[in-house]
Amino acid sequence: MNANIAEFLRASAHRHPDAACVVAGDTTYTWAEIDRAADALAAGLVQRGLHAGDRVALLLGNCVEFVIAYYGAARAGLVSVPLNPAYTSPEVAVLLADAGARMLIVQPSTERVAEESASALPGCEIVSTASRDWAEILRSGGDAVLAEVATAPDALALLLFTAGTSGRPKGAMLTHGALRANIEMLLSLTEPPAVVDDDVVLVVLPMFHVYGLNTALGLAVAAGATVVLSDRFDPVESLQLIASRAVTTVAGAPAMYQAWCATPGLREAMATVRLLSSGGAPLPVRVFEQFADLTGLRIFEGYGMTETAPVVATTLVSGSPKAGSVGRPLPGLDLRLADEDGTEVDEGDPGEVWVRGPSVFRGYWPDGAGGPDADGWFRSGDVAYADEDGDLHLVDRRREVILVSGFNVYPREIELVIDDLEGVAEAAVVGVPDDATGEAVTALVVARRGATLTAEQIADHCATRLARFKCPTVIRVVEALPHSATGKVAKGRLRDVYGDAGYGS
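Using the numbering used here, the letters of the sequence shown correspond one by one to residues 557 to 1061.
Shown next as structure tokens:
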């Protein structure tokens, strides 16, 4: 069997070559066109000297070139490394070096960042989708025939950086088999189906994120559904797109549904939609209920993580959306709730989510550290309990990761940036609840003795070194931070010392 994820694209192109595959702006691309372009890119990259296992980084937004690059790289046996196009050059430089990327594919809006980060990895070729190089790779590849070799399920397909609490980015290694398994588990759900071939799927979730890449794009491609791409979320424009393209399926995040609830014409725009899903962060019950009141549609909520490709559980399993619940594990996944010693908790008690199954990652780049244990269990760091129906409810995170609109923000990375600013003695970064984004990044900073330090200075410093979503939205310069007996900042005591709701202004 060829486990290559690009086989999903091939199969859908064979079933209906002339049907709409991707809609980007005013242009519609057929399945045959996308499949041929992926073929051409695959052959062209091999001709360029890339070999199976080489890493190709993608600094692209939601565009048709991303789709072609992702499936073309997979077909050539290469490993895609999607990067957030909002990243700054220092952030890109670190990830390129860590991945050992041989090529970085960019678009016009990310060319400058790519060029500024190029010194981190001199051997990494930069190719812009607007350049002659890109056109030449596709042209030369189109004239060639690539000998296809069956891809093993354990072959690496995707390297997604999801930093650890140490602040050092970690690349989660996802195999072709893991990505396929998660898609096939979702396709097995039929009441209602997650996606079918006559669906029109809105992909506004960023495809550099595993949720947008595998659960939105990958699932739609496997089913043969039409993908409608949108490069940014705007509540008014997205509703217009849903209505004009007769979208039937939306994969979204809580912040999207909250914004739509405040947008006129919501019910009319959603007239063709049959299924809505939410993930990336907990969906507030009030948003679930308000959206249902306004549209008559209920949102299916799910839970997952990069390391599980990504879906672990969803209310689609039972077919019944439930406010506050992320549903039940996908068929084919084992899940247990355990205490700190690894012992399963009593029924109804909260415990850390442990996951085992074919969609679990291989570990962190490059040596597989931090992956599943000898018995195949991966400890998520998330805490949940199961109700009397067997549906999961998320409670908390053991890790300090902050979820901003579904994206992981790692406190230590931001603390290191703030520490570099002259006049800073110490900094602590934490997340606080936020109605718009799920959580907001809050920085508490202590100035060096005699130094003058303002919140504006800290904000300006962060803005030049961090992507916008990572920058603190609340900054307080404080006299001191609470510490443990060993001298470590006691983040658990910060609320006691500085209060809640953003720790002031």
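For every residue, glycine included, the Cβ atom is placed at its ideal position computed from N, Cα and C. A quick note: this is a predicted structure, and the numbers were derived from the prediction, not measured.
Between V973 and D938, the gap from beta carbon to beta carbon reaches 8 angstroms or more. Going by C-alpha positions, D976 is about 10 angstroms away from I970. About 36 angstroms separates the beta carbons of L615 and P748, which is beyond the 8 angstroms limit, so they are not a contact pair. Contact between L1009 and L1037 is ruled out by a C-beta separation of about 14 angstroms, above the 8 angstroms threshold. In the three-state scheme derived from DSSP, where H, G and I count as helix and E and B as strand, A728 is classed as strand. The beta carbon of G835 is closer than 6 angstroms to those of Y767, G858 in its chain, skipping five residues each way along the sequence. Note that the segment 591-607 does not touch the segment 641-656; fewer than 3 beta-carbon pairs, one per stretch, sit closer than 8 angstroms. Of the residues assessed, M861 falls on the buried side of the cut-off, its CB having 16 or more other CB atoms within 10 angstroms. Taking every protein chain shown into account, the CB of D990 has 16 or more other CB atoms within 10 angstroms, so this residue is buried.
A straight line joining the alpha-carbon of S684 with that of V612 spans about 13 angstroms. Counting of Cβ neighbours within 10 angstroms places Q796 among the exposed residues, the total staying below 16.
In the DSSP annotation of this structure, the continuous segment of the alpha helix (DSSP H) that includes I974 starts and ends at 967-975.
In this structure, the beta-carbon distance from G617 to P641 falls below 8 angstroms. Counted as a single uninterrupted DSSP element, the beta strand (DSSP E) harbouring V662 occupies residues 659-662. CA-to-CA, the gap between S881 and L948 works out to about 6 angstroms. The Cβ neighbour count for E863, taken over all protein chains shown within 10 Å, is at least 16; the residue is labelled buried. If you ignore the 5 residues before and after A1007, its C-beta comes within less than 6 angstroms of the C-beta of G979, all in its own chain and listed in chain order.
Taking the Cα positions, R658 is about 6 angstroms away from G679.
The beta carbon of R854 is closer than 7 angstroms to those of A848, P877 in its chain, skipping five residues each way along the sequence. Judged by DSSP in its simplified three-state form, A925 adopts strand.
Bounds of the beta strand (DSSP E) holding G937 are 934-942. Between L601 and L565, the C-beta spacing is not below 8 angstroms.
Note on R842: under 16 other CB atoms within 10 angstroms of its CB, so exposed under the neighbour-count rule. Restricting attention to W690, Y627, A703, the CA atom closest to the CA of V777 is found in Y627. Rounded to the nearest whole angstrom, the C-alpha separation of A811 and A837 is 9 angstroms. Around the CB of H765, 16 or more other CB atoms lie within 10 Å, so the residue is classed as buried.
Spatial neighbours of Q663 in its own chain (CB-CB distance under 8 angstroms, excluding positions within 5 residues in sequence) are listed in chain order as L615, L616, G617, C619, E621, P641, S684, T685, A686.
Secondary structure within the segment 774-832: the beta strand (DSSP E) runs of 3 or more consecutive residues, fully enclosed, are 782-785, 805-808 (chain order).
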